């Protein structure tokens, strides 16, 4: 088939119950210390702001249970790109679930 593959980056996918709208969900996680450092570096957030942000989200364990695929990224971004490329090479062999298509967004 000539099907196209689309990837969506949705930070609060599971928290908003949108996972049923996609054929496959991928959760990318990291150690909490990495997450805190990345949020501080990227967004310039204070420790209190970071803690509030983390507390408002589902735990990594909950996301891992709900995701179809889990990727751990405790290294640099290039390592993540390599893992994603490897994943894309196996994507055609994965079973897809029935989805509830969104009528309105």
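Residue numbers (my numbering): 749 to 853.
Every residue, glycine too, gets a C-beta built ideally from N, C-alpha and C.
What you are looking at is a predicted structure, and each value in this text was computed from that prediction instead of being measured.
With burial defined as no fewer than 16 other Cβ atoms inside 10 Å of the residue's Cβ, what is the status of residue i: buried or exposed?
i	result
residue 789	exposed
residue 838	exposed
residue 756	exposed
residue 767	buried
Whose CA, out of the options, lies closest to the CA of residue i?
i	options	result
residue 809	786, 801, 824 and 779	779
residue 762	806, 828, 826 and 792	806
residue 798	782, 823 and 815	782
residue 823	752, 786, 764 and 769	786
Among residues of its own chain, excluding the 5 on either side of residue i, which ones have a beta-carbon nearer than 6 Å to its beta-carbon?
i	result
residue 828	821
Does the distance from the C-beta atom of residue i to that of residue j stay below 8 Å?
i	j	result
residue 776	residue 819	yes
residue 816	residue 772	yes
Checklist entry - Are the segment 833 to 844 and the segment 791 to 806 touching by the rule of at least three beta carbon pairs closer than 8 Å? => result no
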